[in-house]
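Chains A and B, in that order, give the protein sequences. In this text, residue positions in the first sequence follow the working numbering: the first is 1, and each later residue adds one. In this text, residue positions in the second sequence follow the working numbering: the first is 1, and each later residue adds one. Cβ atoms here follow ideal geometry from the backbone N, Cα and C, with glycine treated the same way.
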Amino acid sequence: MVRAHILICGGTGCTSSRSMVIAEKLNEELKARELENEIKVVTTGCFGLCALGPIMIVYPDGTFYSRVTEDDVQEIVEEHLIKGRVVQRLVYDDSGIENVKANSLAETGFYRKQKRVALRNCGVINPEEIDEYIAMDGYQALGKVLTEMTPDQVIQEILDSGLRGRGGGGFPTGRKWDFAAKVQSDKKYVVCNADEGDPGAFMDRSVLEGDPHAVLEAMAIAGYAIGADEGYIYVRAEYPIAIKRLQVAINQAREYGLLGKNIFDTGFNFDIQLRFGAGAFVCGEETALLTSIEGKRGEPRPRPPFPAVKGLFGQPTIINNVETLANIPQIILKGASWFTTMGTEKSKGTKVFALGGKIEHTGLVEIPMGTTLREIVFEIGGGIPGGKKFKAAQTGGPSGGCIPAQHLDTPIDYDSLIAIGSMMGSGGLIVMDEDNCMVDIAKFFLEFTVDESCGKCTPCRVGTRRMLEILNRITEGKGEDGDIEKLEELAYNIKSTALCGLGQTAPNPVLSTLRYFRDEYEAHIYEKRCPAGQCKALAKIVIEADKCKGCSLCSRICPVGAISGEIKKPFVIDQAKCIKCQACMEKCKFGAIVKK
Amino acid sequence: MKSLAELAAIRDKMKDKVALREGVNTTRIVVGMATCGIAAGARPVLNAFVEAVNEAGLAENVTVTQTGCIGLCQYEPIVEIYTPKSEKVTYVKMTPDKVKKVVEEHIKGGNIVTEYTIGNE
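Take a look at the structure:
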């Protein structure tokens, strides 16, 4: 009889910090002590607290261990599992603010404000066991729609729930389904967009890795609602764990008859196939994605016709994002009225954010819409490391924008983010502190879009490249009067003329940083100075004479011989020779060398 | 699978197995598992509790877990039972044979098995 479960995160983050090796070792240790029938080791999806991985939770007591290593396994088995003594040194220490060790997950600052809907099974069930999903009411929603509801009722329920697309656009999901349902056709398709490409966003991967059946179930429900019998999941090939678990899940669902012909004896047929993306960002754009599934080069095409009318292989098609789909079964089971209790007036439910950048708890969080940025960054995310000051948060990836400190208290939803010049996007949230240069950030995202532009339309192919060239000049100290105006003109032209969403939103990082941090651009251009000290070409490395002891260490380290002086007297850096490598700064024992 | 009934059957069968992970159960059976407890035979007692709780179909509401030394080594194996409404009950010198009675009468029936409690020693 099993008396304890040890849950180990098998998400990509923890797997790369060797969680699977730990699981193996744990099984060995348990076997050696003949505990294998009493204690079960369960590999789950992502818990969200990736910064602290590998993560392990021991039930029934719910002890939360973080940063576990192979060497800790023996101690955990001997102390915790045999004697019932929690290994305190491995227990997750809650942010240091409260100075208490949280023994269970729900008590931690990281989880307290979260509301897990799309991620509800991630870190709870073994994603490769369909029975565990069923234990969590899995496939009940599919059973309910097939036996108790008409397709119209299903669509009405989704419309009433107010669910909007979580992939970025925020289009009402129910309306999408309604369009496709109303088109007459013998053949329709349901497509799941799992080509998650925004830098820093990984919520879709987590859902696929932690709860793949939820996506399959939702796709079957969507198929019933619009009258489709075939589905495709377009998942990027860079997600090997997600692909493997999806394939396992599809096979198990077929074996149980939850996919295939005559599901629940109702005459409804639905099956799902996987298609792998080859790493092009543009294939996350829905028309490019469909073109890619058809076996052609992934390029977008103009809309209309919208996919709901003419999509995959010319047939009516709905495309939903992974996180959107993960909400569907629960809306069906608990009702639209339950879903609408969460969120704001026009953005219902929850949203998953991937926290990254200058933040303590890098990881995944799911919060009700309307939570403020301050709560996300400082309460859930644990604040900025090293006591630095918050400068801005970037949301929406390369299509989004930066939110400065004065908007920290804005309740986050689709519309409020657009109002302050950013967007929800797929939910990447990158935090920046005082050391980040905003011109450099804009450049980073623009580099990404320039790389990923498919080249089909001129504004995106050529326009973004011209913008990047200007930004490069500015950060190299060669900015000229009029550069800002040129950037703005280009940005508005690209926005209004690019073919697809990728191009239309590509200038957003530049526009939003210009809106809030114009002074930084101006400092780069007119004063040849980078206020954050990030732009190497503009930084000036100097020796502070009063701190310099004249030890000559720096002059021996300098690779270009730019430092000279007399022993026991202050040394000086020849700015004309200095290449700003900062090697001298790192080596100076007296902190006499600073960047200005 | 051809019916909702089959789906429900799997769910019910599995529910107990994952209930362990909810961690919000109301009743807790805590077995002292320090060196003294183990030496006195706490392990078979712990296993007997897990088995009896599952057999009685109580897994969803009852958690069986271990703790360290309670400090009364001469009375080991010691088992403490926490229920939401009443005070903590401490059973001493437990054996697997006594377990069934405790689960039946105390956990299920709500009547403390006084003859096994510490007050009776």
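8 Å Cβ cut-off: residues of chain A touching residue 54(B)
For this step, residue 54(B) is matched to residue 54 along the second sequence. Within 8 Å Cβ-Cβ: 1.
What would DSSP say about residue 99(A), mapped onto helix, strand or coil?
Locating residue 99(A) in the first sequence gives position 99, where the first residue counts as 1. Because residue 99(A) carries a pLDDT of 39, less than 50, the predicted location of this residue cannot be relied on, and no value is offered for it.
Between residue 563(A) and residue 584(A), how many whole angstroms is the CB-CB distance? I'm expecting something under 8 Å.
Residue numbering aside, residue 563(A) sits at position 563 when the first sequence is read from its first letter. Residue numbering aside, residue 584(A) sits at position 584 when the first sequence is read from its first letter. Between residue 584(A) and residue 563(A) the Cβ distance is about 6 Å, and since that is below 8 Å, they are a contact.
Residue(s) in a DSSP beta bridge with residue 236(A):
The residue you call residue 236(A) lines up with position 236 of the first sequence. Answer by DSSP bridge pairing, in chain order: 277(A).
Looking only at its own chain, which residues have a Cβ that is under 8 Å from the Cβ of residue 122(B), when we skip the five neighbours before and after it?
Beyond the ends of chain B as shown, which are 1 and 121, falls residue 122(B); an answer cannot be given.
Could you name the residues of chain A that residue 68(B) contacts, counting a contact when the two beta carbons are closer than 8 Å?
Residue mapping note: residue 68(B) aligns to position 68 of the second sequence, counting from 1. Within chain A, the residues near residue 68(B) are 83, 84, 85.
So which residues on chain B does residue 134(A) lean against when the C-beta distance must stay under 7 Å?
If you number the first sequence from 1, residue 134(A) lands on position 134. Simply 7, 10, 11, 14.
Can you list the residues of chain D that residue 34(B) reaches, using a CB-CB cut of under 9 Å?
Absent here is chain D; the protein component of the structure consists of chains A and B.
For the 8 Å Cβ check, are there 3 or more pairs between the stretch 219 to 237 of chain A and the stretch 272 to 286 of chain A?
yes
Spatial neighbours of residue 19(A) in its chain, beta-carbon cut-off 6 Å, leaving aside the 5 residues before and after:
Along the first sequence, one-based indexing puts residue 19(A) at 19. Hits under 6 Å: 8, 9, 54.
Contact belief for residue 425(A) with residue 399(A) at Cβ below 8 Å, rounded distance in angstroms
On the first sequence, position 425 is the one that residue 425(A) refers to. On the first sequence, position 399 is the one that residue 399(A) refers to. Residue 425(A) to residue 399(A), Cβ: 6 Å. Contact.
For a minimum of 3 consecutive residues, which ranges assigned as the beta strand (DSSP E) are wholly contained in the stretch 42 to 74 of chain A?
56 to 59, 63 to 65
Quick one, which residues of the stretch 422 to 450 of chain A are near chain B if we go by CB-CB under 7 Å, in chain order?
none
Name, please, each residue of chain B whose Cβ falls closer than 8 Å to the Cβ of residue 124(A).
Stepping through the first sequence from its first residue, residue 124(A) is reached at position 124. Identification of chain B residues near residue 124(A) by a Cβ-Cβ cut-off of 8 Å yields 18, 21, ordered along the chain.
Closer than 8 Å by C-beta to residue 388(A): which residues in its own chain qualify, once you throw out the five before and the five after it? Chain order, please.
In the first sequence, residue 388(A) corresponds to position 388, counting from 1. 358, 433, 434, 435.
Got a sec: is the Cβ-Cβ distance from residue 591(A) to anything in chain B below 7 Å?
As a first step, residue 591(A) must be located in the first sequence, where it is residue number 591. No - not a single Cβ of chain B is within 7 Å of the one on residue 591(A).
Taking 7 Å as the cut-off, decide whether the C-beta atoms of residue 487(A) and residue 510(A) are in contact.
As a first step, residue 487(A) is located in the first sequence; it is residue number 487 there, counting from the start. As a first step, residue 510(A) is located in the first sequence; it is residue number 510 there, counting from the start. Taking 7 Å as the Cβ cut-off, residue 487(A) and residue 510(A) qualify as a contacting pair.
In chain B, what lies closer than 7 Å to residue 38(A) by C-beta?
For the purposes of this step, residue 38(A) is taken as the residue at position 38 of the first sequence. Within chain B, the residues near residue 38(A) are 47.
Spatially closest choice to residue 380(A) from 305(A), 114(A), 40(A), 2(A), by CA coordinates:
Numbered from its first residue, the first sequence carries residue 380(A) at position 380. Nearest option by C-alpha distance: 114(A).
Which ranges would you report for the beta strand (DSSP E) in the stretch 192 to 259 of chain A if only whole runs of at least 3 residues count?
230 to 236
Using a C-beta to C-beta distance shorter than 9 Å, which residues of chain B count as neighbours of residue 10(A)?
In the first sequence, counting from the first residue as 1, residue 10(A) sits at position 10. Within chain B, no residue comes near residue 10(A); the closest Cβ sits about 15 Å away, beyond 9 Å.
Helix, strand or coil at residue 482(A) [DSSP, three-state]
Locating residue 482(A) in the first sequence gives position 482, where the first residue counts as 1. Coil at residue 482(A), not helix or strand.
By how many angstroms is the C-alpha of residue 405(A) removed from the C-alpha of residue 391(A)?
Locating residue 391(A) in the first sequence gives position 391, where the first residue counts as 1. Locating residue 405(A) in the first sequence gives position 405, where the first residue counts as 1. Going from the Cα of residue 391(A) to the Cα of residue 405(A) covers about 6 Å.
For residue 256(A), which residues of its own chain have a beta-carbon under 7 Å away from its beta-carbon, when the five flanking residues on both sides are left out?
Indexing the first sequence from 1 puts residue 256(A) at position 256. 130, listed in sequence order.
Does the Cβ of residue 158(A) have 16 or more other Cβ atoms within 10 Å, making it buried, or fewer, making it exposed?
Here residue 158(A) refers to the residue found at position 158 of the first sequence. Flag for residue 158(A) reads buried.
With a CB to CB cut of under 6 Å and the five nearest residues on each side skipped, what residues in its chain are close to residue 449(A)?
Mapped onto the first sequence, residue 449(A) falls at position 449. Listed in chain order, the non-local C-beta contacts of residue 449(A) below 6 Å within the same chain comprise 398, 464, 506, local neighbours out to five positions each way being set aside.
Using 8 Å as the threshold, is the stretch 165 to 184 of chain A in touch with the stretch 313 to 324 of chain A, meaning 3 or more CB pairs across them?
The way I'd put it, the stretch 165 to 184 of chain A does touch the stretch 313 to 324 of chain A; three or more beta-carbon pairs between them come closer than 8 Å.
Contacts around residue 21(A), its chain only, beta-carbon distance under 7 Å, and the 5 residues preceding and following it disregarded
The sequence position of residue 21(A) within the first sequence is 21, counting from 1. Correct list, in chain order: 70.
Which value, in whole angstroms, describes the spacing of the CA atoms of residue 172(A) and residue 221(A)?
Counted from its first residue, the first sequence places residue 172(A) at position 172. Counted from its first residue, the first sequence places residue 221(A) at position 221. Roughly 17 Å between the two C-alpha positions.
Enumerated in chain order, which unbroken segments of the beta strand (DSSP E) with a length of 3 residues or greater are wholly contained in the stretch 326 to 361 of chain A?
350 to 357
Residues of chain A with a CB under 8 Å from the CB of residue 64(B): which are they?
Residue numbering aside, residue 64(B) sits at position 64 when the second sequence is read from its first letter. Result: 3, 60.
Minimum Cβ-Cβ distance from residue 58(B) to chain A less than 7 Å:
Taking the second sequence and counting its residues from 1, one reaches residue 58(B) at position 58. For residue 58(B), the answer is no, since every Cβ of chain A falls outside 7 Å of its Cβ.
Name the chain B residues that come within less than 9 Å of residue 258(A), Cβ to Cβ?
Your numbering for residue 258(A) matches position 258 in the first sequence. 1, 7, listed in chain order.
On a CA-only basis, which of 250(A), 116(A), 43(A), 313(A) is nearest residue 296(A)? Give me that one, please.
For the purposes of this step, residue 296(A) is taken as the residue at position 296 of the first sequence. Nearest option by C-alpha distance: 313(A).
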